[in-house]
Amino acid sequence: MWGEVDMEKLDGLAMADLIVGNSIAIREIRGLVRFAAETRASVLITGPSGTGKELVAHALHRASSRTAAPFVAVNSGAIPRELIESELFGHEKGSFTGAIARRIGHFESANHGTLFLDEIGEMPLDMQVRLLRVLEDQKVRRIGSNDDVNVDVRLIAATHQCLESAIAQGRFRADLFYRINVLPIELPALADRLEDLPMLIEHFLSRGFASDNPPVFNDEAMAILMAHDWPGNVRELKNLVERAAVFFQGMEVGTDQMAMLLRPARSARPSEPAAAAAQDLPANVVSLASAQPAAQTAPQAAPQPATPRFARPMDLREHLQNEEKRVLIEALESTNGVVSAAARLVMLQRTTFVEKMKRYQIGRDVAMSA
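560 is the number of the first residue of the sequence shown in our numbering; add one for each residue after it.
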């Protein structure tokens, strides 16, 4: 399982290709998916960001009797508040400014199939009321219409939030929660199923990237991967393997290479392992990573006595988080706040970059344009 999903590439894949792993947790999830696929009940998939909730939803759809009908995926948090009703239920021509033609909503588009509502915890309260009514009646009414349209839709919802807490805070309706949480499926964090790492890496190298000469992760690299806490979960692992396939095609990935792969954006004053890893890169990559503007080059200072590396205890996790936040801010400043460009600069998916901005509370004063 991983985060970014290209549904066109999923055609013909078996459940084992969509839900990758052999840990107890993953085997239980595959069993739950097979069980849920035989019912019409609504399913709520929970788990941290990057664990592959959309892939589980797609696997459930593929295993159900609705597999020949549409699978429509919608990110509730990505739709502007003023457009969400039109997106879900559709509108008639002339029903509001800009409605130049009739539009079929996602519920109608998914008729006889499956509608996947990701990040349902982000849905506004007033829309939660409308959604509950549609789920109860299996009817939608387009904006500007007086007629109801019957729909036969199986709902799969997903969220990384704790909806029980959202209910207590008044941000989510309890009646909607009980309506969508008929069959719950909770996905584990990658750190809780590290035994699946080798299988996931093999999966990404064999199916995820077009390379006839993939890199090989040696025992030292695997030990580092096993010790990593994986805050970005399977999505983070997928991005790391992709970077390895780009920079170290056909090479052995060890300790030095891992230093670069785990902190790809740190180009100024690289650590010794990262510098050693750069020696194994193609010349054009090395020159790109090490190039610094002349104005930033400081004169060489007189040699100073060596200072012990760990003169006092250091919180490594906090240090890495601060470093990651610094890199994100520098990337945004380098691209004048264009998030998509900044994400490409540090070799992350845009959605992953945005999640990290939220985690580190990097505001729109830095990101002037999305």
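Glycine included, every Cβ here is placed at the ideal spot set by N, Cα and C.
Measure the beta-carbon distance from residue i to residue j and round it to whole angstroms, keeping in mind my assumption that it falls under 8 Å.
i      : j      : result
Leu694 : Leu676 : Not a contact, Cβ separation roughly 10 Å.
Leu821 : Trp789 : That belief does not hold up - the Cβ atoms of Leu821 and Trp789 are roughly 11 Å apart, past 8 Å.
Gly609 : Val897 : In fact, because the Cβ distance is near 23 Å, the residues do not count as touching under 8 Å.
Glu678 : Thr718 : 6 Å
Ala780 : Gly809 : Not quite, the Cβ-Cβ distance comes to about 15 Å (not below 8 Å), so this is no contact.
Phe630 : Thr673 : 5 Å
Leu759 : Leu722 : At roughly 28 Å, the Cβ-Cβ gap does not stay under 8 Å, so Leu759 and Leu722 are not in contact.
Ala618 : Ile604 : With a Cβ gap of about 11 Å, Ala618 and Ile604 do not count as contacting.
Ile585 : Arg752 : 6 Å
Val633 : His665 : 5 Å
In angstroms, rounded to a whole number, what distance separates the CA positions of residue i and residue j?
i      : j      : result
Arg700 : Phe648 : 6 Å
Asp707 : Lys698 : 6 Å
Val805 : Arg903 : 14 Å
His762 : Val579 : 8 Å
Lys915 : Asn705 : 44 Å
Glu811 : Glu877 : 30 Å
Ser899 : Ala890 : 10 Å
Gln855 : Leu799 : With a pLDDT of 43 at Gln855, under the threshold of 50, the modelled position of that residue is not reliable, and no figure is offered here.
Ala803 : Gln920 : 29 Å
Arg868 : Glu754 : With a pLDDT of only 49 at Arg868, under the threshold of 50, the placement of this residue in the model should not be trusted; the figure read from the coordinates follows. Near 33 Å, if we compare the C-alpha coordinates of Glu754 and Arg868.
Phe807 : Pro773 : 8 Å
Glu667 : Ser645 : 12 Å
Pro829 : Glu892 : For Pro829, the predicted structure reports a pLDDT of 40, less than 50, and the residue's modelled location is therefore unreliable. A value from the coordinates is still provided. If I take the Cα positions, the gap works out to 20 Å.
Ile663 : His650 : 7 Å
Ala716 : Ala595 : 13 Å
Asn581 : Ala658 : 49 Å
Arg909 : His620 : 26 Å
Met906 : Asn709 : 44 Å
Ser654 : Val741 : 35 Å
Phe912 : Pro639 : 19 Å
Ile783 : Arg692 : 50 Å
Leu690 : Asn895 : 39 Å
Gly922 : Arg589 : 39 Å
Leu642 : Leu577 : 31 Å
Gly636 : Leu764 : 31 Å
Met785 : Arg730 : 37 Å
Glu801 : Gln816 : 13 Å
Arg918 : Gln728 : 20 Å
In this structure, does DSSP put residue i in helix, strand or coil?
i      : result
Ala658 : coil
Glu811 : strand
His617 : helix
His787 : coil
Phe776 : strand
Ala827 : Annotation note: pLDDT 34 at Ala827 (below 50); position unreliable, no value reported.
Thr610 : coil
Glu754 : helix
Gln880 : helix
Asn792 : helix
Ser765 : helix
Asn895 : coil
Val805 : helix
Val886 : helix
Ala835 : Confidence at Ala835 is low in this model, with a pLDDT of 45, below 50, so its placement is unreliable and no value can be given for it.
Ile731 : The question names Ile, yet the displayed sequence has Phe at residue 731. Coil at Phe731, not helix or strand.
Val800 : helix
Asp771 : coil
Ile921 : coil
Ile760 : helix
Ala818 : helix
Arg599 : coil
Ala748 : coil
Ile578 : coil
Ile739 : helix
Ile726 : helix
Counting along the chain, where does the alpha helix (DSSP H) carrying residue i start and finish?
i      : result
Leu591 : 583–596
Leu543 : It is not possible to answer for residue 543, since the shown part of the chain is limited to 560 through 929.
Arg903 : 898–904
Val913 : 909–918
Arg625 : No alpha helix (DSSP H) contains Arg625, which DSSP labels as neither H nor E.
Could you please give the first and the last residue of the uninterrupted beta strand (DSSP E) stretch that includes residue i?
i      : result
Thr605 : 602–605
Phe630 : 630–634
Pro743 : 742–745
Which runs of the alpha helix (DSSP H) spanning at least 4 residues fall entirely within the region 662–723, listed in chain order? 665–668, 684–696
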